[in-house]
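Undergrad:
Numbering (full-length UniProt numbering), first residue to last: 1 to 199.
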């Protein structure tokens, strides 16, 4: 089984790439954000430690965690954000390791992990290779304004907190330029897959 880690800056079009790979190659795709949501559900690995960290104010009536409230709190408190990440990120990685094992046993050919912090959280330890989805900054800004309604200030703030293009490139094995027509992106993906003899 080929294990591919996919990362890139916000607005680079990672979701589009993931959807294509899942459909075209019947790949299993796991997104770290979604796993982060799962591990914070009642009874799951990160629930109790996160509830203890933030206190009863973030526990809703149905006993689920108020993720919006947590996001607001950590936005203003970097130390709390680091503590939250120290709980959630290892739990996410353990979940993904288990998923990889299950898919291997099931005979899956391609397993894709998408994570914004793929490099920082050292996913190279569990992936065969890392792909960097690149898009020109102006293209990304346009997409984020159009698709998510973000202001220029909000986008600049997000971009300032992400790895630089050079950092992504230095850690990843393969780069896809997703700045233009998606058919061009498809050609780049297909070319790489042919290297694995996956048609």
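We put the CB at the ideal spot given by N, CA and C, even for glycine.
Every value quoted in this text rests on a predicted model; they were computed, and no experiment measured them.
The alpha helix (DSSP H) with residue 60 in it runs from where to where?
TA: Element bounds for residue 60: n/a, residue is neither H nor E.
Undergrad: Scan the stretch 79-117 and note each continuous beta strand (DSSP E) run of 3 residues or more that stays entirely inside, going in chain order.
TA: Whole beta strand (DSSP E) segments, 3+ residues: 110-114.
Undergrad: Between which residues of its own chain and residue 150 is the CB-CB distance below 7 Å, once the five residues before and five after are set aside?
TA: The answer, listed in chain order, is 144.
Undergrad: Residue 29 and residue 178 look like a contact to me (Cβ under 8 Å); what is the Cβ gap, rounded to whole Å?
TA: That belief does not hold up - the Cβ atoms of residue 29 and residue 178 are roughly 16 Å apart, past 8 Å.
Undergrad: Return helix, strand or coil for residue 124, following the three-state DSSP convention.
TA: Helix.
Undergrad: Given 8 Å as the limit, is there contact between the stretch 186-199 and the stretch 10-27, that is, 3 or more CB pairs closer than that?
TA: A contact exists between the stretch 186-199 and the stretch 10-27.
Undergrad: My output table needs one value for residue 132: the three-state DSSP class, helix, strand or coil.
TA: Residue 132 falls in the strand class under three-state DSSP.
Undergrad: Cβ of residue 40 within 8 Å of Cβ of residue 32?
TA: Taking 8 Å as the Cβ cut-off, residue 40 and residue 32 do not qualify as a contacting pair.
Undergrad: Along the chain, where does the alpha helix (DSSP H) that runs through residue 185 open and close?
TA: That run of the alpha helix (DSSP H) goes 182-195.
Undergrad: Measuring CA to CA, which of 55, 92, 43 is closest to residue 73?
TA: Measuring from the Cα of residue 73, the nearest candidate turns out to be 55.
Undergrad: Can you name the residues that DSSP bridges to residue 139?
TA: DSSP output for residue 139 lists no bridge partner at all.
Undergrad: What residue range does the beta strand (DSSP E) around residue 43 cover?
TA: Element bounds for residue 43: n/a, residue is neither H nor E.
Undergrad: Here's the rule: buried if 16 or more other CB atoms are within 10 angstroms of the residue's CB, otherwise exposed. What is residue 93?
TA: Buried.
Undergrad: Determine the DSSP secondary structure at residue 198, reduced to helix, strand or coil.
TA: If DSSP states are grouped into helix, strand and coil, residue 198 belongs with coil.
Undergrad: Checking 8 Å against the spacing of the C-beta atoms, do residue 176 and residue 123 come in under that value?
TA: Contact flag unset, no.
Undergrad: Rounded to whole angstroms, what is the Cα-Cα separation between residue 48 and residue 100?
TA: For residue 48 and residue 100, the distance between alpha carbons rounds to 25 Å.
Undergrad: Please name the residue or residues paired with residue 7 in a DSSP beta bridge.
TA: Bridge partners of residue 7: 132.
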